[in-house]
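Following: one structure in structure tokens, then a few remarks.
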Ligand SMILES: [Zn+2]
Ligand SMILES: [Zn+2]
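In this note's numbering, the protein residues as written are 13 to 889.
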């Protein structure tokens, strides 16, 4: 037990507490996972933020939720590991370095690969990883001694091992394929990296000899090697299999007509041109029918030499020119405006060009099967459930995964080409010469898709491919907490690769959280200007209030709307807690826990203990089900509306009116013990203020971080105490309401008669002194009482409460006030009724407006009923 001697300050200073506790926790090794420690484990790998990242709201939410779970499990005695790290983020780093180089008037090609990589590493060491410091500021209890980086030596080794094994197993291959190419970023994009955008275009009907067909990309006409129709389309059956010689912009071209199921006979004229070099569907049709590939657009987005006199033109410029030329030749039948979706680069929004090139691929079908099975069998649980469907859909329709990227920063593909014997060697170690012929070799210049290394994250970070104690202790991890935007980019790939390499799922649960939006429901984005810097918010309101806001709003699957008022509200909650602690701490003089333990608790003590037990149960259930907001609101309600609003008020009576020493001791005990347990319950949500207060209270252990998470035993539930206290509180509340209605000052002591419901006489007799003080009344209990004249009436669970008004209310003035008020509210009720009776309002106004007016009417009617009752009381003399 330890208690700082300094008195508790009047105000809570978040910055001060945060600065003090975090380094202490870290220094004492509380964040460390120890695989040798044994016991039940709880492990989490962080979704690695980009090494280029600065903390945004998404990170803040994602990491706060993880920290809540990890802190709770750690306190609950689990052998806990939360493993942090960052991702090398190929494209993002390229963007930064390209900008730096541009400022020097250079390109990356000018300085070459080696110097570029040197610069990238230097940038990473000097500037990268800002986010790690920011996560510490958030209170994240990660095991920083195990921080990883996707390009550190261990993880690079894991990446190479994974690549080589998949190659040896025939799951990685190299093939000509039509890929999504960004001419601006100069790299291939995976299907997931292509965004769809609506654009206006022209649908051009071109004459092809005897046939006419429509296209939005006339420039690709130069790459046509066929025409396709549906096999059942009678209109064109006579042409199928024939090669047509048709006049075109560059003389005559020959195109073969094929029949293919992929053609929609109802779209356009039912004929499509086949351009295998520039369209994914055409590429497949071409493959099925053996059509040649003619590439007329290059990797730079300009027409190639194969485009004849259009060579060198930008692809969109060429489109205009070719339409003009076709028009001049009379080869255009008509042009219609057309709105359609085009694929654009998710990073730079340039229209993606489908191009054929040699790329590295992962055969995903054989990996997806087991990935579907583990979710179907419940070995991985996705929360909320509705994401499961999306997951199945994507996994069942999975396509080969293109893993090569034409970039330098990343894991270079471990494949070497021999110029002499043309062999391709994939190798665990770097090759200098060809193992087949001894000739010179060159390594593939491309790097792997960033998601390839992050797909190994749950086991590569624990030491794979070695069989480490960490892997044995902490794999599979317990839960992955992530946003839905990377469910496929990342989560699905970890599932596939985890099962493949580890023969076990990478995590048992996947919790998918909401997106953070502003108060108006807009996604937080820099371009909308609605982004407050999370660090400034933490500075202003305190990290605990910031965290609590995120957790309290993290409803399952919904958007999270952030507003200043919300955060302010939770700062007030922190202050409320602080003030409660001050009250408790200033009243612990002479407190002796061992003596207090022998005493019989009073009703209020039993009640607050029972409520605490119920709250503990609610918070535990909520966290088990990932209903973070339910957990937060349960503890909030308990602290504010039960402990502070009621128990502290009751406690003051026994402390200040200094009844017997035993009673005082009992109260001290309940005050201190309830607060101490509440702090432990709240610690995962608000780590700093809870430690700051806990250290000043009587406690066991050196930090709240490693104190046990509260458990609720069945015997702490006390339904009798809860029922009895509710009856008392209801009577007090009823009197307070009457006091408010009748505008009687809080200082006036009221005369109240209570006619108890059957079976409650003894309870009210025993608690009368309590009611007297809480409600400021002189209470008389009389089972045979009838309502005195000029008294206000409340009925509480069958008991009648009569509050005498004579002498405390100026009847004439009150009657006048009530009558005036009744007139006003009656008018309002009539107005609303008339409004809601008008069909043109009810039918035409938006549903939520009508609903709001209905609610207003109900409230006004209730108010009218109360006023009428009050008028009855003052009239009744
Ligand atoms: Zn791009
Ligand atoms: Zn060779």
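We treat Cβ as the ideally placed atom computed from N, Cα and C, and that holds for glycine. In this text the structure is predicted, and so the values were computed from the model without any measurement.
- Between the segment 371-391 and the segment 493-503, the count of Cβ pairs shorter than 8 Å is below three; the stretches do not touch.
- Proximity of the beta carbon of residue 196 to ligand 1 is indicated: a heavy atom of the ligand is located closer than 6 Å.
- With a threshold of 16 other beta carbon atoms within 10 Å, residue 653 falls short and is exposed.
- Shown here for residue 262: same chain residues with a beta carbon closer than 8 Å to its own, the five before and five after excluded, namely 234, 320, 321 in chain order.
- In this structure, ligand 2 has no non-hydrogen atom nearer than 6 Å to the beta-carbon of residue 484.
- With 16 or more other Cβ atoms from the protein chains shown falling within 10 Å of its own Cβ, residue 144 counts as buried.
- Distance check between residue 425 and each of 30, 347, 415, 130 places 415 closest, using alpha-carbon atoms only.
- For residue 119, the shortest separation between its Cβ and any heavy atom of ligand 1 does not lie below 6 Å.
- Three or more pairs of CB atoms, one per stretch, sit closer than 8 Å, so the segment 465-472 contacts the segment 500-509.
- Restricting attention to alpha helix (DSSP H) runs no shorter than 4 residues, the segment 717-753 encloses them at 731-753, ordered along the chain.
- Distance from the Cα of residue 647 is smallest, within the candidate group 874, 634, 638, for 634.
- Residue 315 is bridged by DSSP to 309.
- Taking the C-beta atoms as reference points, residue 679 is found nearer than 7 Å to residue 663.
- The segment 615-623 makes contact with the segment 681-695; the number of CB pairs closer than 8 Å reaches 3 or more.
- According to the DSSP assignment, residue 210 belongs to the beta strand (DSSP E) that extends over 206-220.
- Taken in chain order, the unbroken stretches of alpha helix (DSSP H) that lie wholly in the segment 803-849 and span 4 residues or more are 823-849.
- Annotated as proximal: residue 45 and residue 155, with beta-carbon spacing under 7 Å.
- Residue 21 and residue 601 have their C-alpha atoms some 17 Å from each other.
- Judged by the Cβ position, residue 362 qualifies as a neighbour of ligand 1 at the 6 Å threshold, a heavy atom of the ligand being closer than this.
- By the Cβ-count criterion, residue 355 is buried, with 16 or more other Cβ atoms from all chains shown falling within 10 Å of its own Cβ.
- In the assembly as shown, residue 157 is an exposed residue. Its beta-carbon has fewer than 16 other beta-carbons within 10 Å.
- Remark: the shortest separation between the CB of residue 448 and any heavy atom of ligand 2 falls under 6 Å.
- A direct Cα-Cα distance of roughly 12 Å separates residue 642 from residue 560.
- Spatial neighbours of residue 791 in its own chain (CB-CB distance under 7 Å, excluding positions within 5 residues in sequence) are listed in chain order as 764, 766, 780, 783, 784.
- Secondary structure remark: continuous beta strand (DSSP E) runs of at least 3 residues inside the segment 79-158, in chain order: 91-95.
- Ligand 2 has no heavy atom closer than 6 Å to the beta-carbon of residue 427.
- Counting of Cβ neighbours within 10 angstroms places residue 264 among the exposed residues, the total staying below 16.
- Judged by the Cβ position, residue 516 fails to qualify as a neighbour of ligand 2 at the 6 Å threshold, every heavy atom of the ligand being at least this far.
- Taking the C-beta atoms as reference points, residue 56 is found nearer than 7 Å to residue 78.
- Excluding the 5 residues flanking it on each side, residue 108 has same chain C-beta neighbours closer than 8 Å at 64, 135, in chain order.
- Bounds of the alpha helix (DSSP H) holding residue 385 are 377-388.
- Around the beta carbon of residue 43, a 10 Å sphere encloses 16 or more other beta carbons of the protein chains shown; the residue is thus reported as buried.
- When the alpha-carbon of residue 379 is set against those of 547, 85, 182, the nearest one is in 182.
- In this structure residue 513 is not in contact with residue 489, their Cβ atoms being roughly 14 Å apart against a cut-off of 8 Å.
- When beta bridges are read from the DSSP output, residue 607 appears opposite no residue.
- Straight-line spacing of the CA atoms in residue 613 and residue 789 works out to 25 Å.
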